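Engineer:
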Amino acid sequence: MCGIIGCILNNEKAAPVLLECVKRLEYRGYDSIGIATSGSDITIKKDKGKIDDVQANLKLTDLPGEMGIAHVRWATHGLPTKENAHPHTDCKNRIAVVHNGIIENYKELKSQLEKEGHIFKSETDTEVIPHLIEKYMEQGNNLEDATRLAIGDLKGSYALAAISRDEPNKVVGARKESPLIVGKGTGEYFIASDVPAILKHTNKVIYLEDNEMVILSDDGITIKDPEGKVIEKEIFVIEWTPDMAEKGGYDHFMLKEIHEQPKAVKNTLREASEIKKIVQSFPKFNRICFVACGTSYHASLIGKYLFENLVGISTDVTLASEFEYSAETLDENTLVIVITQSGETADTLKALRLVNHKAKTLAIVNVVGSTVTREAEYVVYTRAGPEIGVAATKTYISQLTSIYLLAICMSGRMELLEKLESIPDYMESILENEDFIKKIACKYKDARDFFFIGRGFSYPTALEGALKLKEITYIHAEGYASGELKHGPLALIDDGIPVVAIVPPGKSHDKTLSNVEEVNARGARVIGLGSSKDEDLRSETMDMIEFDDEINEIFSAIPYVIPLQLLSYYISVMKGIDPDKPKNLAKCVTVE
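Here it is as structure tokens:
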């Protein structure tokens, strides 16, 4: 889940641009940073630590040359150290490489290269790549051909960029199962892990397919297939603006993105007519299967309740990483819905490829042109805009909106669309109550354990609330279907433990309220989420977050999650944690 960038500029130093671009990829990793530029020689500066800290110590921008590569790391092989930071070089510092992915056969390659006299300096899998390129260049190949031969030896996943002092006006990139885009500016050219990195310089983007290579040079961009044949690729014009990837006056991206959620829902609702067209083209399905990871998995669980209640089709939800173990019963009468914010999630891509041509596939995704959008049969776009904070907020809300639209269109109950369209106004009123949620966060910030409970449509919201707290506060948190408390988890409820109870009006209300009474009897401190008119819930809670009585449980998943996001955000800040960069996590998970 590292971030890479490469560029060739026109009469402009590369290092400051590389630093600015790689900072926009810090959500992909932030335990080390490195930059290499090329002119008469390759010059490298790198170290462990977050970008701003390393820049303050090393002056990363003080490097010569108008072309280069940069990398921000999320460690997979080797601890975060200066030696393990990218770029990595060959024996003679003639070649430098940055890499995102995992080389599965690096131990065998390293052992063979060491026997041939190559000397390694790091614990990483990546370092075998520059040594392989070195080996093939010493056989008389240029950088491009040597890179092609090198990647032919690799097993695993990679997006990489390579430069050589022997060809100082060339950057070679390649991808397999890790995202890599190409940016075409005016007289300047880029490769990057993701679009936000280059938005300030260009919105014209080419998406590479697996096993394709790109060569940046003073002459422009050349893309080749695995055999080295030049191919033409579509250029996508990205609608996002550079301002969308800035904090906009907020202290953190996460808070900004929480506040952008009403707009994200409104923008996604504009896809209703397109979704209706897709649904009209559907054959008759007798089964639906959602496949997703993390937060997207929780959105899928909401989808299960919606499709079974509104559409009347049996619906399963499977974690993408587990999908290959339970995919044998799929057929052409099954619709497999994969959900991924980036469109590049490795586990989700693998699941999609497993069922393509076996069942019908539909992707719900936020990034136009991403790999999933090119491989799924049907595509529904969420319109969240770029999300930089590692913990998903507005992309989750947008995914939910897309699922609601699909369920409404498939059920034919278009009268529900009007209720869905009223949700953004409710969301705005919740955000106006932010200071109250901040006070609750202050009260519970020192808790060591949290429990989140709900039934039916509120159960996935409980899971998502617990995940947000775990991700950015490092507090142990669990989400449970409230009816399951008596089957084990109730043993963990002690005096003073916070229990967040999600109790909207609707079918599940009374039974969930009974479960609230159970935890109260064992000394829990209950934070209730429910209708402002629900006096029974109020009497059972220590703190209550109120909602409009018109929001029943079917539509509660969107507005009710917002206070849980804010609760986690403010506890994180009060504990001195950066909510945008939680430890050990990265935004786009491109390894299995």
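Counted the way our numbering counts, the sequence shown spans residues 1224 to 1815. Cβ coordinates follow ideal geometry from the N, Cα and C atoms, glycine included. Just so we're clear, the structure is a prediction, and the values are computed from it rather than from any experiment.
Quick check: what's the CA-CA separation for Ser-1795 versus Ala-1384?
Structural biologist: Reading the sequence shown from its first residue, position 572 is the one you call residue 1795. Reading the sequence shown from its first residue, position 161 is the one you call residue 1384. If you take the alpha carbons of Ser-1795 and Ala-1384, they lie about 36 Å apart.
Engineer: Taking the Cβ atom as the reference point for each residue, do Asp-1771 and Tyr-1649 lie within a distance shorter than 7 Å?
Structural biologist: Along the sequence shown, one-based indexing puts residue 1771 at 548. Along the sequence shown, one-based indexing puts residue 1649 at 426. Yes, they are a contact pair.
Engineer: Which ranges would you report for the beta strand (DSSP E) in the stretch 1538-1576 if only whole runs of at least 3 residues count?
Structural biologist: 1538-1542, 1557-1563
Engineer: Distance check for Val-1488 and Lys-1236, CA to CA, integer angstroms please.
Structural biologist: Taking the first residue of the sequence shown as 1, we reach residue 1236 at position 13. Taking the first residue of the sequence shown as 1, we reach residue 1488 at position 265. Rounded to whole angstroms, Lys-1236 to Val-1488 spans 41 Å at the Cα level.
Engineer: Put His-1580 into one of helix, strand or coil per three-state DSSP.
Structural biologist: On the sequence shown, residue 1580 is found 357 positions in, with the first residue counted as 1. The answer is coil: DSSP assigns His-1580 none of H, G, I, E or B.
Engineer: Using the three-state DSSP reduction, which class does Arg-1745 fall into: helix, strand or coil?
Structural biologist: Translated into positions along the sequence shown, residue 1745 becomes position 522. Correct three-state label for Arg-1745: coil.
Engineer: State the CB to CB distance for the pair Val-1784 and Val-1749, rounded to an integer number of angstroms; the pair is presumed to be in contact (CB under 8 Å).
Structural biologist: Counting from one through the sequence shown, the residue named residue 1784 turns up at place 561. Counting from one through the sequence shown, the residue named residue 1749 turns up at place 526. In fact, because the Cβ distance is near 18 Å, the residues do not count as touching under 8 Å.
Engineer: Classify Thr-1637 as buried or exposed, calling it buried when 16 or more other Cβ atoms lie within 10 Å of its own Cβ.
Structural biologist: Indexing the sequence shown from 1 puts residue 1637 at position 414. Checking the sequence, you will find Met at residue 1637 rather than Thr. Per the 10 Å Cβ criterion, exposed.
Engineer: Taking Cβ positions, are Gly-1324 and Ser-1401 nearer each other than 7 Å?
Structural biologist: Against the sequence shown, residue 1324 aligns to sequence position 101. Against the sequence shown, residue 1401 aligns to sequence position 178. Their beta carbons are under 7 Å apart, which means Gly-1324 touches Ser-1401 by this criterion.
Engineer: Hey, would you say Val-1460 sits closer than 7 Å to Ile-1446, going by beta carbons?
Structural biologist: If you number the sequence shown from 1, residue 1460 lands on position 237. If you number the sequence shown from 1, residue 1446 lands on position 223. No. Outside cutoff.
Engineer: From the DSSP output, in three-state form, read off Ser-1681 for me.
Structural biologist: On the sequence shown, residue 1681 is found 458 positions in, with the first residue counted as 1. Helix at Ser-1681.
Engineer: What three-state label does DSSP hand Thr-1312 in the structure shown?
Structural biologist: Your numbering for residue 1312 matches position 89 in the sequence shown. Strand.
Engineer: Report the residue from Ala-1279, Asn-1775, Leu-1692, Glu-1707 whose alpha carbon sits nearest the alpha carbon of Asp-1801.
Structural biologist: Indexing the sequence shown from 1 puts residue 1801 at position 578. Residue Leu-1692 is the option with its Cα nearest to Asp-1801.
Engineer: Does the Cβ of Pro-1727 have 16 or more other Cβ atoms within 10 Å, making it buried, or fewer, making it exposed?
Structural biologist: As a first step, residue 1727 must be located in the sequence shown, where it is residue number 504. Buried, because 16 or more other Cβ atoms sit within 10 Å of the Cβ of Pro-1727.
Engineer: Thinking just about the alpha-carbon of each residue, which of Gly-1751, Arg-1745, Tyr-1548, Leu-1492 is nearest to the one in Ile-1660?
Structural biologist: Here residue 1660 refers to the residue found at position 437 of the sequence shown. Of all alpha-carbon atoms in Gly-1751, Arg-1745, Tyr-1548, Leu-1492, the one lying nearest the alpha-carbon of Ile-1660 is that of Gly-1751.
Engineer: Compare the Cα-Cα distances from Glu-1676 to each of Glu-1655, Ile-1318, Ser-1440, Ala-1704 and report the closest residue.
Structural biologist: Here residue 1676 corresponds to residue number 453 of the sequence shown, with the count starting at 1. A quick correction: the sequence has Ile, not Glu, at residue 1676. With distances taken between Cα atoms, Ile-1676 lies closest to Ala-1704.
Engineer: Taking Cβ to Cβ, would you say Glu-1776 is nearer than 7 Å to Gly-1679?
Structural biologist: For the purposes of this step, residue 1776 is identified with residue 553 of the sequence shown, where counting begins at 1. For the purposes of this step, residue 1679 is identified with residue 456 of the sequence shown, where counting begins at 1. Yes.
Engineer: So, are the CB atoms of Ala-1495 and Ala-1515 less than 7 Å apart?
Structural biologist: Mapped onto the sequence shown, residue 1495 falls at position 272. Mapped onto the sequence shown, residue 1515 falls at position 292. No. Outside cutoff.
Engineer: CB Ala-1867 to CB Ile-1720, shorter than 7 Å?
Structural biologist: Absent from the structure is residue 1867, since the part of the chain shown begins at 1224 and ends at 1815.
Engineer: Under three-state DSSP, which class holds Arg-1398?
Structural biologist: One-based indexing of the sequence shown puts residue 1398 at position 175. Assignment of Arg-1398 by DSSP, reduced to helix, strand and coil, places it in the strand class.
Engineer: Spatial neighbours of Gly-1410 within its chain, please: CB distance less than 7 Å, with the 5 preceding and 5 following residues excluded, ordered by chain position.
Structural biologist: Here residue 1410 is taken as the residue at index 187 of the sequence shown, counted from 1. So the qualifying residues of the chain are Asn-1233.
Engineer: Could you pull the start and end residues of the alpha helix (DSSP H) that Val-1603 belongs to?
Structural biologist: The residue you call residue 1603 lines up with position 380 of the sequence shown. Val-1603 -> not in any alpha helix (DSSP H); beta strand (DSSP E) instead, spanning 1601-1604.
Engineer: Check the DSSP bridge columns for Phe-1476 and list the partner residues they point to.
Structural biologist: Against the sequence shown, residue 1476 aligns to sequence position 253. None; Phe-1476 has no bridge partner.
Engineer: Can you check whether the CB of Val-1321 is closer than 7 Å to the CB of Ile-1352?
Structural biologist: Mapped onto the sequence shown, residue 1352 falls at position 129. Mapped onto the sequence shown, residue 1321 falls at position 98. Cβ distance not < 7 Å, so Ile-1352 and Val-1321 don't count as in contact.
Engineer: Which complete beta strand (DSSP E) runs does the stretch 1643-1730 hold, if anything under 3 residues is left out?
Structural biologist: 1672-1677, 1699-1704, 1721-1726
Engineer: Exposed or buried, what is Cys-1665 when buried is set at 16 or more other beta-carbons lying within 10 Å of its beta-carbon?
Structural biologist: Translated into positions along the sequence shown, residue 1665 becomes position 442. With fewer than 16 other Cβ atoms within 10 Å, it is exposed.
Engineer: Whole angstroms are fine: how far does the CA of Leu-1760 sit from the CA of Trp-1297?
Structural biologist: Position 74 of the sequence shown holds residue 1297. Position 537 of the sequence shown holds residue 1760. Their Cα atoms are separated by approximately 44 Å.
Engineer: How about Ala-1382 and Arg-1371: do their beta carbons lie closer than 7 Å?
Structural biologist: Working through the sequence shown from its first residue, we reach residue 1382 at position 159. Working through the sequence shown from its first residue, we reach residue 1371 at position 148. No, the pair does not count as a contact, with Cβ atoms beyond the cut-off.
Engineer: Apart from the five residues on each side of it in sequence, which residues of its chain come closer than 6 Å, Cβ to Cβ, to Ala-1700?
Structural biologist: Here residue 1700 corresponds to residue number 477 of the sequence shown, with the count starting at 1. Within the same chain, Ala-1700 has close Cβ partners Phe-1673, Ala-1689, Leu-1692, Lys-1693.
Engineer: Tell me whether Ile-1454 is buried or exposed, calling it buried when 16 or more other Cβ atoms sit within 10 Å of its Cβ.
Structural biologist: Mapped onto the sequence shown, residue 1454 falls at position 231. Exposed, by the Cβ-count rule.
Engineer: Looking at Ile-1481 and Thr-1618, is the spacing between their C-beta atoms short of 7 Å?
Structural biologist: One-based indexing of the sequence shown puts residue 1618 at position 395. One-based indexing of the sequence shown puts residue 1481 at position 258. Taking 7 Å as the Cβ cut-off, Thr-1618 and Ile-1481 do not qualify as a contacting pair.
Engineer: Per DSSP, what kind of secondary structure is Ser-1762 in: helix, strand or coil?
Structural biologist: For the purposes of this step, residue 1762 is taken as the residue at position 539 of the sequence shown. Residue state, collapsed to three classes: helix.
Engineer: For Val-1534 versus Cys-1632, is the C-beta spacing smaller than 7 Å?
Structural biologist: Position 311 of the sequence shown, counted from the start, is the residue given in the question as residue 1534. Position 409 of the sequence shown, counted from the start, is the residue given in the question as residue 1632. Taking 7 Å as the Cβ cut-off, Val-1534 and Cys-1632 do not qualify as a contacting pair.
Engineer: With 16 other CB atoms within 10 Å as the buried threshold, where does His-1194 fall?
Structural biologist: This structure cannot speak to residue 1194, because the chain is shown only from 1224 to 1815.
Engineer: Counting only runs of 3+ residues fully inside the stretch 1361-1393, write out the beta strand (DSSP E) ranges in chain order.
Structural biologist: 1379-1387
Engineer: As a quick exercise: from Gly-1408, Ile-1228, Asp-1766, pick the residue whose alpha carbon is nearest that of Asp-1417.
Structural biologist: On the sequence shown, residue 1417 is found 194 positions in, with the first residue counted as 1. Comparing Cα positions, the closest option is Ile-1228.
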